[in-house]
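Here my numbering is used: the sequence shown runs in plain steps of one and ends on residue 434.
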Amino acid sequence: MSRFELPEIDATRAGLVLFVASVIFLYSPVFIRPPSGTFVFLELAVLFLLYALILIGLNLQFGHTGLVNFGPVAFFAVGGYAAAILTANDPYRAVGLGFAWPVGLVAGVLAAVALGVLLGFSTLKLRDDFLAIVTLAVAEIIHGLTITFRDVTGGSIGLQNVPRPIADMTGGGGGAELFATIVVLGSVCLLAYGVFHRLSASPYGRVLRAIRADEQVTETLGKRVFRYKLVVFIYGAAIGGLAGALLVFYNGAASASFFTIDVTVIVWIGMLVGGAGSDRGVLGGLALIMGFQLFTRFLNDLLPFVTQDQFASIRLVLVGLLLMLVVKYRPEGIWGTAEELEADS
């Protein structure tokens, strides 16, 4: 076990306690309003927690089971749009059924699970490279459908008038909303981390790692490999759908620009840099990548001879170089374990 995995805490109980505390905080008359200069950091923290939810499920799929899923954003998008369609009130050129936000939250998870079941049954018997291609293609198809079916999804305009429960409880937005959102999402993320970490550390998790190492040997030991892979795939789909629903309830809208391939790229790079299979390491890798993107965005002012488009490309090149260096010199990731992932062979 890497040093990053220590000391061990009961994240599940901590997540439950924090979630209860966040609910009490939302219903209390006291709200914390951070300085306006910190808003950019708080907004990035919200996005980090949403992506962390996706990454927790993706790490269970790839880091622990070996499933190469290049389409986590598909479940992210399906969960978000399902929640938005069911809860939006009179959106412009789109479908909005006006249900309460808890209905949309549950529907977003169930819609992502349904896609996970359909995709899992049809693709999980494929080899790793074919599975990667199919999941990537499905993600792009979902993105294309959200733009094409304008009368349902609003097309490139998106779905507006989606409920914003946290903003409503905190009086309409600003720093109080951002702080409350971080507390709520932090508790959800911590709870999800605790549940998935317990799962991966249990005998069930040892079966998953055996599947990652050699499916045929695991099959000969009497384990139903396909069933394990399908359930893990559904777990990742469910938490991705939950993240998508939480995103639209935070933004008050659903748009195709929220669910691009950039999401897949960021979470995958974060996982590989941090160390696939290390539950805390992948979150550290994601924080490293998103922190790098945040602090380099302000450097463009120091380079007046470089346009904004050129600087954005330079930032992507630097992220790619970081990934190349990690893969070459530490393929198990910064906080990963070479012996466990067999990265040294």
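C-beta: ideal position from N, C-alpha, C; glycine also.
Cβ neighbours of residue i in the same chain (closer than 6 Å, five flanking residues each side left out)
| i | result |
| --- | --- |
| Val184 | Ile174, Val241 |
| Met90 | At Met90 the pLDDT is 43, less than 50, meaning the model places this residue with poor confidence and gives no usable figure here. |
| Ala302 | none |
| Leu331 | Val198 |
| Ala88 | No answer is possible for residue 88: the residues shown for the chain start at 90 and end at 434. |
| Val273 | Ser111 |
| Pro191 | none |
Whole-angstrom distance between residue j and residue i, CA atom to CA atom
| i | j | result |
| --- | --- | --- |
| Ala326 | Asp398 | 34 Å |
| Ile255 | Val109 | 15 Å |
| Leu133 | Ser125 | 14 Å |
| Phe348 | Leu199 | 18 Å |
| Gly161 | Arg369 | The identity of residue 161 in the sequence shown is Pro, whereas the question assumes Gly. Approximately 19 Å between the Cα atoms of the pair. |
| Val202 | Thr309 | 29 Å |
| Ala342 | Asn178 | 11 Å |
| Gly380 | Thr235 | 30 Å |
| Leu392 | Gly409 | 21 Å |
| Ala376 | Gly359 | 7 Å |
| Ile423 | Met413 | 13 Å |
| Ala269 | Phe120 | 8 Å |
| Arg182 | Phe238 | 10 Å |
| Ile113 | Ser211 | 44 Å |
| Gly193 | Gly155 | 32 Å |
| Val251 | Trp357 | 29 Å |
| Phe164 | Leu280 | 20 Å |
| Tyr324 | Val395 | 44 Å |
| Leu361 | Gly233 | 27 Å |
| Leu186 | Glu229 | 26 Å |
| Gly366 | Asn148 | 6 Å |
| Ile378 | Ile145 | 16 Å |
| Ala221 | Phe151 | 11 Å |
| Pro189 | Val337 | Reading off the sequence shown, one finds Ala at residue 189, where the question assumed Pro. So the two alpha carbons sit approximately 14 Å from each other. |
| Arg386 | Ala103 | 34 Å |
| Ile271 | Val135 | 6 Å |
| Leu248 | Val167 | 13 Å |
| Ser344 | Ser111 | 28 Å |
| Gly209 | Arg216 | 13 Å |
| Tyr282 | Thr101 | 7 Å |
| Val321 | Gly374 | 22 Å |
| Leu372 | Gly363 | 7 Å |
| Leu142 | Gln305 | 31 Å |
| Gly169 | Leu335 | 7 Å |
| Leu207 | Val354 | 23 Å |
| Gly333 | Leu139 | 8 Å |
Residue(s) in a DSSP beta bridge with residue i
| i | result |
| --- | --- |
| Leu248 | Ala343 |
Cβ-based neighbour list, residue i, same chain, cut-off 8 Å, excluding 5 preceding and 5 following
| i | result |
| --- | --- |
| Gly294 | His153, Leu288 |
| Ile403 | Val395 |
| Lys312 | Val296, Ala299, Ile300 |
| Pro123 | Leu131, Gly264, Leu267, Phe268 |
| Lys214 | Phe315 |
| Thr307 | Val296, Ala299, Ile300, Val314 |
| Leu383 | Val129, Phe130, Leu133 |
| Leu388 | Phe400 |
Element boundaries [alpha helix (DSSP H), containing residue i]
| i | result |
| --- | --- |
| Gln399 | 397-418 |
| Phe164 | 161-176 |
| Glu132 | 128-147 |
| Asp217 | 217-237 |
| Ser49 | For the chain, the structure presents residues 90 to 434; residue 49 sits outside this window and is missing. |
| Gly264 | 264-290 |
| Pro123 | Careful: Pro123 lies outside any alpha helix (DSSP H) and carries neither H nor E. |
| Asp257 | 254-258 |
Proximal residues to residue i (C-beta, below 7 Å), its chain only, five neighbours per side dropped
| i | result |
| --- | --- |
| Arg298 | His153 |
| Gly244 | Ile236 |
| Leu107 | Gly275, Ser276, Leu279 |
| Ser434 | Confidence in Ser434 is poor, its pLDDT being 41 and thus under 50, which makes the residue's placement unreliable; the coordinate value appears in the next sentence. Answer for Ser434: no residue qualifies. |
### Message
I'd like the ranges of any alpha helix (DSSP H) spanning at least 4 consecutive residues and lying wholly in the stretch 309-391.
### Response
314-340, 350-363, 368-385
### Message
For a minimum of 4 consecutive residues, which ranges assigned as the alpha helix (DSSP H) are wholly contained in the stretch 176-216?
### Response
190-212
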